[in-house]
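Working notes, beginning with the structure itself.
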Amino acid sequence: MTYDAGHYDVIVIGAGHAGVEAAAASARRGAKTLMLSLNLDMIAFMPCNPSIGGPAKGIVVREVDALGGLMGRVIDKTHIQMRLLNTRKGPAVRALRAQADKPLYLKEMKRLLENQENLTLRQGMVEKILVEDDQVKGVVTETKAAYYAPSVIVTTGTFMRGRVIIGDLSYESGPNNQRPTVTLSEQLEELGIEMVRFKTGTPMRVNSHTIDYSKTEIQPGETEPRSFSYETTEFITDQIPCWLTYTNETTHEVINENLGLSPMYSGMIKGTGPRYCPSIEDKVVRFNDKPRHQIFLEPEGRDTEEVYVQGLSTSLPEYVQKQMMETVPGLENAEIMRAGYAIEYDSVVPTQLWPTLETKQIDGLFTAGQINGTSGYEEAAGQGLMAGINAAAKTLDLEPLILDRSEGYIGVMIDDLVTKGTREPYRLLTSRAEFRLMLRHDNADLRLTEKGYELGLIPEERYNRFTEKRRKIEEEKKRLENEIVKATEDVQDIVKESGTTPLKEAVRASDLLRRPEIDYSYIERLTPSDIALTADEKEQVEIQIKYSGYIKKSLEQIEKMRNMESKKIPDYIDYDAIQGLASEAADRLKAVQPLSVGQASRVSGVNPADISILLVYIEQGNVARVSG
Amino acid sequence: MDTDTIAAISTPTGEGAIAIVRLSGDDAVSRANELFQGKDLTTVDSHTMHYGKLLDPETGEIAEEVMASVMRAPKTFTREDIVEINCHGGLVSVNRVLEIVLAQGARLAEPGEFTKRAFLNGRIDLSQAEAVMDLIRAKTDRAMNVALKQMDGRLSVLIQNLRQKLLETLAQVEVNIDYPEYDDVEEMTNDIMQEKTAEVRDEIENLLQTAKQGKILREGLATAIIGRPNVGKSSLMNTLVHENKAIVTEVPGTTRDVIEEYVNVRGVPLRLVDTAGIRETEDIVERIGVERSRQVLTEADLILLVLNYGDELTEEDVKLFEAARDMNMIVLLNKTDLDQKIDIERVKELAGDNPVISTSLIQEEGIDQLENAISSTFFEGEIDSGDMTYVSNVRHVQLLKQSKQALEDAREGMEMGVPIDVVQIDVTRTWELLGEIVGDTVGESLIDELFSQFCLGK
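From first to last, the protein sequence lines are chains F and D. According to the numbering used here, the first sequence holds residues 667 to 1294 in order. According to the numbering used here, the second sequence holds residues 623 to 1080 in order.
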């Protein structure tokens, strides 16, 4: 018999990187929220690499932060090393990456959640989602506790029918030997939700004491204080290095000799793995002309000796893993603490979701994170945040939030997932964003804080600080557009110092700043501002002026895209009734059910003529309704 | 609604004395006016027609004599501002006008787009909506067929190769960005990018050249014969016409009457322009003066300048040389049957790189050399149309021009030291534009390339 364990506005199943953001965002929006986790000691556990951020992903962390999320704040407090990547490239592709202190990350995340207003944490394995007439009612745990809520977010990651595989050993399991869930997967299928089998993997962890670091290259952190969160004021400066070593021909021989034992090649693994995260056996087979592959040794924390062997992700038998390492400089005597493994799991075909991440089949049922076919902590966090915001909105009848492709990598990712779907675990890459120059690491707050504030996710005090920053940037930009720098001798000296050609005549300060050799520090010397600007503000002024030509081009394209996004497709549309629409297009549109003509144009198999016809049809409907 | 200005030929191609290029959109009138030499179209009354000349914005030269009808919204077919440019029938003029209009910035209309706009702007009755949708479908299918037919298989392969080249370059930039620690790939620098994109730019430039040649093969090379009175212009024309099969067509236009004669010289179809002028008076310079012949020159693809071997160079001759400077020109020293009085060294100096041929048209001497010179001017000695890849579809030409422009923008950025990931915006755009030519715009290719080319991941 079940018992009534309580009524909530939103229930979140799972407490991984999607679950924690979903729960916190929902609670921040004012929804009474319950987060259920299999094991409360595993909140925000990192089952794979001890790292957060990187190109595109690091920008997502900033976007999450700009909307009031947790990931940035937590990693800022718990990293062992942080670096700004791509500093020699343009501003659009710079990104932060941190090496995490795993145990500390969990602890800090749990502390934040425990202190979050409106949020209840409960340990429990959900057995079943309560659904009546295609409407979510709540969940029941295996201990027969029934929790009720009109919105439920499923963030079960790789736990659904999870299966761990090492060599010829295979058993039902979630990541890191946690209990998997089978009933949820079965139930979702019964509810008519299509699932697909994906696969991912992780390398072994070894004991730091058994590594000979003298045979490896040091990869130090940076001393420059950096942070993901716009809130962070205290910086960790004592950074711990990572180490670099390489595989070699002997390693590859070991792998090739044992290839028959690999479940990847024996046919034991049926799920589709991600191309961007291949196992070492995959790398050796597919790129057999490469004499060596990089291996990064990454400490899993300050107070643990476990070291993550990045680059050796494998599902070969444990003894082959050992043999492999014996051939790698520095790892000859390394002791495996945990073996590498592959994991297969069920995930939801994401084209079944609305852009709010609510399923189309079941009212009030949301899914977020790896269950939607993505991989990566950051991708999960971004979706969790959005699902939390929108599930709370659903219950409380508030405004939902959908980010478009020009507003954030989160918008790009969700649009990709719900419009195009994915054939392999989806990872964000900067090349997925057509407006990359607008989706920078440095301007995430300028893009999103306003929205976060409107939705009640950002406190007043933080918002005021933000508007002050925005005002100062605009003022300084305006000043530089009007300020004339005369070609005096002093000026020419400074100009020459930068390496650019001397001035022929007086120029606008903004035009001078557009020269590649001139950065804001020169401008500051030539024409100092009356107001004190922070380093962030100066950087913003510089980027916005320097790349204004390219930014303008992007903005023009964005306007075109928005024009198409603003043409809504009525929900009563019957694609079969549209004369002239190609049947393939009609089928695809029926499956995806795009909300706007813009989204429809991105559905594969829909061509421009179909879009023209769709526009005419919609207009006809509008005319009919007005005149009728 | 979309209010950008669209343009298309709105009369059946090939037939009819008059052809019309129609523009519709907010900027239709101002765009047409930019190109129009005559009345200020932005101030004329609605629904009026005006004579004038159309300027080619790329060269600033007069391209066509036209009549422009200005019709302002809302009493138009699309309920937008419309300009209809009336020009000579046949393929040559109307395609030229369309190209000019597109080069100025109008967008080539999608199939059925005028009708679509008419409908969306409420001009066409609701009951006709289905007909509109059918029309779009039918026109799209037909346009696709035509485009496919017009696209040579070799062209498709060539474009695919260019795209692949760009894709590899783009993938390399991406791998640098998304995997900054990956050590197995050369860092893509502006210098390498310059080199790679320059190759593609050259190829596109070549293709655009073939577009010109393809047009010549189809429509004839506009050829003007110029020279002082009695140097043998009419003999030259008669020789060309008699030696080769001539088709004389009369083209009565709205604004002028011209006789054009087509002759085929070693595979190069020549369209001898303003032959009426030569025939009637035998003296174009005398009749209409140097100014007029200058104008004839601007319309020509090839100039045949005839000089008298038996006479000294005159001021007029020099003026003609000047007028024809920078154009494809063949100089004929005619009447070699007379005693030489002309200063051949001086002629060669004036002719520069252009060929100088000695002829005696009366004695039928030097004609072979002339015909050789004509064919090699355009095919560099090789006429084998079977081996050449031609771009002939207006849409394809337009996309190639845009691709070239995008690569120019990329080059400019690189020269200014713009970071490579920003320059890439323009390179990616080129890749997409080329994709539109071959009908391939799938977005996943870059990521596929990334993972097939490089061994990435943890």
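Glycine included, every Cβ here is placed at the ideal spot set by N, Cα and C. Treat the numbers as computed from the prediction; the structure is a model and nothing was measured.
In chain order, what residues of the same chain have a beta carbon less than 6 Å from the beta carbon of D879/D, not counting five sequence neighbours either side?
Here residue 879/D corresponds to residue number 257 of the second sequence, with the count starting at 1. With a pLDDT of 37 at D879/D, under the threshold of 50, the modelled position of that residue is not reliable, and the figure given next carries that caveat. So no residue of the chain qualifies.
At 8 Å on the CB atoms, spell out the chain F contacts of P977/D, in chain order.
Locating residue 977/D in the second sequence gives position 355, where the first residue counts as 1. Those within 8 Å of P977/D in chain F number zero; the least Cβ separation is about 45 Å.
Comparing the C-beta of C709/D with each C-beta of chain F, is any distance below 9 Å?
As a working note, residue 709/D is residue 87 in the second sequence. Chain F contact via Cβ: absent.
For E1030/D, which of I826/D, D975/D, A844/D has the nearest alpha-carbon?
In the second sequence, residue 1030/D corresponds to position 408, counting from 1. Out of I826/D, D975/D, A844/D, I826/D has the C-alpha closest to the C-alpha of E1030/D.
Contact between the segment 1006 to 1015 of chain F and the segment 683 to 698 of chain F (3+ Cβ pairs under 8 Å)
no
Rounding to the nearest angstrom, what Cα-Cα distance links A973/D and F943/D in this structure?
Taking the second sequence and counting its residues from 1, the one referred to as residue 973/D is at position 351. Taking the second sequence and counting its residues from 1, the one referred to as residue 943/D is at position 321. So the alpha carbons of these two residues sit roughly 7 Å apart.
Three-state secondary structure assigned by DSSP to Q726/D:
On the second sequence, position 104 is the one that residue 726/D refers to. DSSP places Q726/D in helix when its eight states are reduced to three.
Using 8 Å as the cut-off, can you tell me whether the segment 738 to 745 of chain F makes contact with the segment 894 to 910 of chain F, which would need three or more C-beta pairs spanning the two stretches below that distance?
yes
Assess, as a yes-or-no matter, whether the segment 813 to 827 of chain D is touched by the segment 787 to 805 of chain D under the definition of 3 or more beta carbon pairs within less than 8 Å.
yes
Report all residues from its chain with a CB closer than 7 Å to the CB of E947/F; omit the five preceding and five following residues, and keep chain order.
Residue numbering aside, residue 947/F sits at position 281 when the first sequence is read from its first letter. I921, L925, S928, M930, T980, L982, listed in sequence order.
With DSSP run on the structure shown, which of helix, strand or coil describes A766/F?
Working through the first sequence from its first residue, we reach residue 766/F at position 100. It is a strand residue.
Which residues in chain D have a C-beta closer than 8 Å to the C-beta of I1279/F? List them in chain order.
By 1-based counting over the first sequence, the position of residue 1279/F is 613. Per Cβ cutoff of 8 Å: M755, I758, R759.
Amino acids of chain D, ordered along the chain, whose beta-carbon sits closer than 7 Å to that of F953/F:
Taking the first sequence and counting its residues from 1, the one referred to as residue 953/F is at position 287. Those are C1077, listed as they occur along chain D.
Step through the CB atoms of chain D and report whether any lies within less than 9 Å of the CB of S1097/F.
Position 431 of the first sequence, counting from 1, holds the residue named residue 1097/F. Chain D, which has a Cβ nearer than 9 Å to the Cβ of S1097/F, makes this yes.
Ignore the nearest five residues each way along the sequence and tell me which others in R1102/F's own chain have a CB closer than 6 Å to its CB.
Residue numbering aside, residue 1102/F sits at position 436 when the first sequence is read from its first letter. Excluding residues within five positions, the ones whose Cβ falls inside 6 Å are A758, T1096.
When you compare each of K949/F, F1132/F, I906/F to R1113/F by their alpha carbons, which one comes out closest?
On the first sequence, position 447 is the one that residue 1113/F refers to. Ranking K949/F, F1132/F, I906/F by Cα distance to R1113/F puts F1132/F first.
Grab the span of the beta strand (DSSP E) containing R1254/F for me, first residue to last.
By one-based count along the first sequence, residue 1254/F stands at place 588. Where R1254/F is concerned, there is no enclosing beta strand (DSSP E), although the alpha helix (DSSP H) it sits in stretches over 1249 to 1258.
Give me the Cα-Cα distance between H710/D and V666/D, rounded to the nearest whole angstrom.
Here residue 710/D is taken as the residue at index 88 of the second sequence, counted from 1. Here residue 666/D is taken as the residue at index 44 of the second sequence, counted from 1. Using only the alpha carbons, I get a separation of about 23 Å.
Expressed to the nearest angstrom, what Euclidean distance is found between the alpha-carbon atoms of I847/D and P733/D?
As a working mapping, residue 847/D is identified with position 225 in the second sequence. As a working mapping, residue 733/D is identified with position 111 in the second sequence. Those two C-alpha atoms are separated by around 41 Å.
Less than 7 Å between C-beta atoms, sequence neighbours within five positions excluded: which residues of the same chain meet that for G854/D?
Mapped onto the second sequence, residue 854/D falls at position 232. Excluding residues within five positions, the ones whose Cβ falls inside 7 Å are V928, N956, K957, L983.
What in chain D is Cβ-close to L751/F, meaning under 7 Å?
Here residue 751/F is taken as the residue at index 85 of the first sequence, counted from 1. Result: P802.
Cβ-Cβ separation, L706/F to Q789/F (assumed contact under 8 Å), whole Å:
For the purposes of this step, residue 789/F is identified with residue 123 of the first sequence, where counting begins at 1. For the purposes of this step, residue 706/F is identified with residue 40 of the first sequence, where counting begins at 1. Sure, about 5 Å apart at Cβ, within 8 Å.
Closest Cβ-Cβ distance between E706/D and chain F: below 9 Å?
Numbered from its first residue, the second sequence carries residue 706/D at position 84. So no, E706/D is outside the interface.
Our contact map puts T911/F next to K881/F with C-beta atoms below 8 Å; I'd like the distance itself, whole angstroms only.
On the first sequence, position 245 is the one that residue 911/F refers to. On the first sequence, position 215 is the one that residue 881/F refers to. Correct: roughly 7 Å between the Cβ atoms.
Does the beta carbon of D805/D come closer than 9 Å to any beta carbon on chain F?
Along the second sequence, one-based indexing puts residue 805/D at 183. Judged by the 9 Å Cβ criterion, D805/D is in contact with chain F.
For F962/F, which of helix, strand or coil comes out of DSSP?
Numbered from 1 along the first sequence, position 296 holds the residue referred to as residue 962/F. In this structure, F962/F counts as strand in the three-state DSSP scheme.
Kindly say whether A1000/F, judged by its beta-carbon, lies nearer than 9 Å to any beta-carbon of chain D.
Walking along the first sequence from the start, residue 1000/F turns up at place 334. Chain D, which has no Cβ nearer than 9 Å to the Cβ of A1000/F, makes this no.
State yes or no: is the C-beta of K1143/F within less than 9 Å of the C-beta of S1176/F?
Taking the first sequence and counting its residues from 1, the one referred to as residue 1143/F is at position 477. Taking the first sequence and counting its residues from 1, the one referred to as residue 1176/F is at position 510. Contact flag set, yes.
Taking the straight line between their C-alpha atoms, what separation do you get for G1087/F and V862/F?
Translated into the one-based positions of the first sequence, residue 1087/F becomes position 421. Translated into the one-based positions of the first sequence, residue 862/F becomes position 196. So the alpha carbons of these two residues sit roughly 11 Å apart.
I'd like to confirm the pairing. Which residues does DSSP put opposite D670/F in its beta bridges?
Your numbering for residue 670/F matches position 4 in the first sequence. Bridge partners of D670/F: A812/F.
Output the distance between the C-alpha atoms of L618/F and P940/F, rounded to the nearest integer angstrom.
Because residue 618/F is not part of the residues shown, which for chain F are 667 to 1294, the question remains open.
Same chain, Cβ closer than 7 Å to I1037/F, neighbours up to 5 away in sequence not counted
Reading the first sequence from its first residue, position 371 is the one you call residue 1037/F. If we look at I1037/F and ignore the five residues flanking it on each side, its Cβ neighbours are V820, T821, T822, G823, M826, S1013, V1014.
Delimiting residues of the beta strand (DSSP E) encompassing A629/D:
What you label residue 629/D is simply residue 7 of the second sequence in a count that begins at 1. Unbroken beta strand (DSSP E) run through A629/D: 628 to 631.
Would you mind reading off the limits of the alpha helix (DSSP H) that contains W1053/D?
The count along the second sequence starts at 1 and reaches residue 1053/D at position 431. That run of the alpha helix (DSSP H) goes 1042 to 1060.
Any 3 or more C-beta pairs closer than 8 Å across the segment 740 to 749 of chain F and the segment 806 to 819 of chain F:
no
Under the rule that 16 or more other beta-carbon atoms within 10 Å means buried, what is K963/D, buried or exposed?
The residue labelled residue 963/D in the question sits at position 341 within the second sequence. The residue is exposed, with fewer than 16 neighbouring Cβ atoms inside 10 Å.
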